[in-house]
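Trainee: Going by my numbering, the first residue of the sequence shown is number 1, and it counts up by one from there.
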Amino acid sequence: MRKNLRGWQSVFAFTFRQATQGKAFRIVTTLVSLIIIGVFILINVLIAKLEDSDEIIDPSPIDTVYILDNSGLEATDYKELYPEFSQDYLNHIELISIKDKSEAEVVKLAESNSPNSIAIIISATNGTYHIEARIPNESDIIDADAWEIVDIISKTFETNKILESGLSMEQLQAISAPVNSTYHDIGENTNPAAFAIKFAAPMLFSFMLYMMFILYGQTVSKAVAEEKTSKLIETLLISVRPYGLIAGKVLSTTCVALMQFSTWILAAIIGLYGGNYIAQHFYPESQNIVITIINFIRDNIGETGMTPTAIIMALIMFCVGFLFYCTIAGLSGSFASRQEDITQSQALFQLPIVFSWLISYFAPSINNENLTSTLRYIPFTAPFSVPVDLITGTIGLAEGLISLIIMSMTTALVIILSARVYKGLVLYTGQKISFKTVINILKSNN
């Protein structure tokens with residue numbers, strides 16, 4: 001095999017140098033990196049600014065509330081029982097309790113005071129309490145403003161009603177505490193946020209990987225096909241074996257793609273944390289939701305989630321999976337014997353990518369654990385799910401290692417198969433390749 005791979009280092013070095021030293025590669029990589037950093041910083045600052053502006057609530061247009069309480073209960077101290085009345089948008093409101101007046105008189109009093117006054121009428125009928133707001137004619141107050149005050153009065157009145165029963169504050173808090181009902185299987189993670197992340201993360205990751213495979217896979221396939229259909233191929237075969245030629249091409253293009261993609265990921269990380277630092281400098285109370293999720297994953301999801309070992313294994317699995325699909329792309333390029341066949345040959349690697357991505361993308365929504373577990377050990381689907389499952393702690397390191405071994409062995413077999421097909425078809429330039437021709441080449445001892 002070493003003899004068959006003769007010259008692959010030279011092909012690798014030449015292809016890598018040609019790809020990375022070109023002005024187009026440098027400009028695109030640098031420009032996209034700067035755009036990613038800038039976009040992340042801008043998004044951080046804008047979101048922080050929006051959050052800060054959301055905290056500023058316009059004062060209520062209501063300045064006076066006349067309250068006629070005919071419930072028969074002790075008078076409610078709304079300011080004391082509802083601390084929110086001390087907030088800026090409510091603290092200007094004056095609450096005036098009225099006694100010994102009719103409803104019509106209270107409404108008339110509100111109407112004569114100012115266009116920003118309302119009347120609140122509390123009554124009791126057959127053990128049922130009613131609270132309603134009366135907005136004077138020609139008032140500047142709209143229904144939504146009045147309803148906000150009615151809601152506050154209702155909550156405070158309810159609290160006062162319970163307190164009159166003689167309950168302590170501790171008992172009152174126990175009564176007021178909300179009750180959440182749920183169910184789960186034994187051993188299941190009951191944290192809803194953790195479940196949501198484990199459900200959504202594989203889908204987002206698989207989509208990102210799908211786009212990456214399609215983009216860079218076409219580059220690999222085109223590079224191998226153009227080399228094969230070039231008139232220089234006869235000269236190259238004098239110093240380089242076909243196995244070494246395709247191995248060098250595929251490995252170098254894969255390394256270039258991973259290097260470029262890693263640069264953009266690093267730019268995204270710099271933009272994320274740099275943007276968060278800048279946003280907190282101007283808006284100290286701001287919280288970056290992405291960083292919050294990352295911290296949540298590290299602290300709450302799975303025993304292996306976000307651990308150094310899991311991250312390293314996920315990166316290795318990602319690289320091996322990427323090499324696997326790049327090798328398939330190289331194999332598809334080997335079938336092109338003419339320039340016009342290059343586009344058609346690319347479908348040989350695009351179809352398995354699309355099919356595998358669709359299965360991996362929709363598998364979490366089906367909620368079938370047997371299907372999800374099986375996909376982790378199939379070489380075509382494993383790259384779409386295993387890396388993110390390792391990082392989030394959905395699977396253990398042992399499962400990840402088994403999947404990685406299967407993926408590595410399959411990748412090695414595809415490399416051998418690709419080199420064998422490439423070698424067998426290298427002299428079929430300009431001829432139409434049939435399925436029977438490929439089978440005969442694989443059966444032969446070339």
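Even for Gly, the Cβ is constructed at its ideal location relative to N, Cα and C.
This structure is a prediction, so every number in the text was calculated from the model and none was measured.
Expressed to the nearest angstrom, what Euclidean distance is found between the alpha-carbon atoms of Ala144 and Ala268?
Mentor: Approximately 43 Å between the Cα atoms of the pair.
Trainee: At the level of alpha carbons, what is the spacing between Leu413 and Gly248?
Mentor: Cα to Cα, Leu413 sits roughly 16 Å from Gly248.
Trainee: Who are the Cβ neighbours of Ala75 in its own chain at under 8 Å, not counting the five residues just before and after it?
Mentor: Taken in chain order, the residues that qualify are Asp69, Ser97.
Trainee: By DSSP, does His130 sit in helix, in strand, or in coil?
Mentor: His130: strand per DSSP, three-state reduction.
Trainee: Under 8 Å, Cβ to Cβ, is there at least one residue of chain B near Arg376?
Mentor: You won't find chain B in this structure, because it holds only one protein chain.
Trainee: Under the rule that 16 or more other beta-carbon atoms within 10 Å means buried, what is Arg17, buried or exposed?
Mentor: Classification for Arg17: exposed.
Trainee: State whether the region 275–284 contacts the region 40–49, with contact taken as three or more CB pairs (one from each stretch) at a distance under 8 Å.
Mentor: With a cut-off of 8 Å, the region 40–49 and the region 275–284 count as touching, because enough Cβ pairs lie within range.
Trainee: Could you tell me the alpha carbon to alpha carbon distance between Gln350 and Phe213, rounded to whole angstroms?
Mentor: Answer to the nearest angstrom: the Cα atoms are 9 Å apart.
Trainee: Leaving aside the five residues before and after Gly72 along the sequence, list all residues of the same chain whose C-beta is less than 7 Å from its C-beta, in chain order.
Mentor: Excluding positions up to five away in sequence, the list reads Ala124.
Trainee: Helix, strand or coil, according to DSSP, for Asn370 in the structure here?
Mentor: Correct three-state label for Asn370: helix.
Trainee: According to DSSP, Asp69 sits in a beta bridge with which residue or residues?
Mentor: Asp69 is bridged to Ile122.
Trainee: To the nearest angstrom, how far is the alpha carbon of Leu31 from that of Gly274?
Mentor: Rounded to the nearest angstrom, the two C-alpha atoms are 18 Å apart.
Trainee: Which residues share a DSSP beta bridge with Leu95?
Mentor: Paired residue(s): Val65.
Trainee: For Ser356, name the three-state secondary structure that DSSP assigns.
Mentor: Reduced to three states, the DSSP call for Ser356 is helix.
Trainee: Using 8 Å for Cβ pairs, my map puts Ser386 next to Ser403. What's the rounded Cβ distance?
Mentor: Note that residue 386 corresponds to Val in the displayed sequence, not to Ser. The Cβ separation is near 5 Å, so the contact holds.
Trainee: Quick check: the region 203–222 against the region 324–337, are at least 3 beta-carbon pairs closer than 8 Å?
Mentor: Contact between the region 324–337 and the region 203–222 is present, because at least three Cβ pairs lie under 8 Å.
Trainee: Determine the burial state of Thr392: buried for a count of at least 16 other Cβ atoms within 10 Å of its Cβ, exposed for fewer.
Mentor: Thr392 comes out buried.
Trainee: What is the rounded straight-line gap between the Cα of Glu188 and the Cα of Ile270?
Mentor: Annotation note: pLDDT 46 at Glu188 (below 50); position unreliable, coordinate value reported separately. If I take the Cα positions, the gap works out to 35 Å.
Trainee: According to the Cβ coordinates, are Val320 and Ser252 closer than 8 Å?
Mentor: Not in contact: Val320 and Ser252 (Cβ atoms no closer than 8 Å).
Trainee: Excluding sequence positions up to five away, which residues of its chain have a Cβ less than 8 Å from the Cβ of Gly400?
Mentor: Ala310, Met313, Ala314, Met317, Val386, Asp389, Leu390.
Trainee: From this set, Ile278, Ile406, Leu323, which residue's C-alpha is nearest Ile378's C-alpha?
Mentor: Nearest of Ile278, Ile406, Leu323 to Ile378, Cα basis: Ile406.
Trainee: Would you list the one or two residues that DSSP bridges to Ser117?
Mentor: In DSSP, Ser117 forms a bridge with Thr64.
Trainee: Does the beta-carbon of Ser408, which I'm using as the reference point, lie nearer than 7 Å to any heavy atom of the ligand COA?
Mentor: The ligand COA is absent from the structure shown, which contains no ligands of any kind.
Trainee: Residues in the same chain with beta-carbon distance under 6 Å from His130, minus the five sequence neighbours each way, listed in chain order, please.
Mentor: So the list reads Ser123, once near-sequence residues are dropped.
Trainee: What's the C-alpha gap between Ser117 and Tyr66?
Mentor: Approximately 8 Å, taken between the alpha carbons.
Trainee: Counting only the same chain and skipping the five closest in sequence on each side, list residues whose C-beta sits under 7 Å from that of Thr20.
Mentor: Cβ within range, chain order: Val256.
Trainee: Report the option in Ile135, Lys79, Tyr422, Ala146 whose CA atom is closest to the CA atom of Thr156.
Mentor: With distances taken between Cα atoms, Thr156 lies closest to Lys79.
Trainee: Helix, strand or coil for Ile316? Go by DSSP, reduced to three states.
Mentor: In the structure shown, Ile316 sits in a helix (DSSP, three-state: H, G or I).
Trainee: Return the residue from the list Trp8, Pro115, Phe25 that minimises the CA-CA distance to Glu138.
Mentor: Selected option, being the one with the closest Cα: Pro115.
Trainee: Among Ile152, Ser112, Phe335, which residue has its Cα nearest to the Cα of Lys222?
Mentor: Residue Phe335 is the option with its Cα nearest to Lys222.
Trainee: By a C-beta neighbour count over all protein chains shown, 10 Å radius and 16 as the cutoff for buried, is Phe147 buried or exposed?
Mentor: Checking the sequence, you will find Trp at residue 147 rather than Phe. Flag for Trp147 reads exposed.
Trainee: How would you label Tyr325, buried or exposed, when you count the other beta carbons within 10 angstroms and need 16 or more for buried?
Mentor: Tyr325 should be labelled buried.
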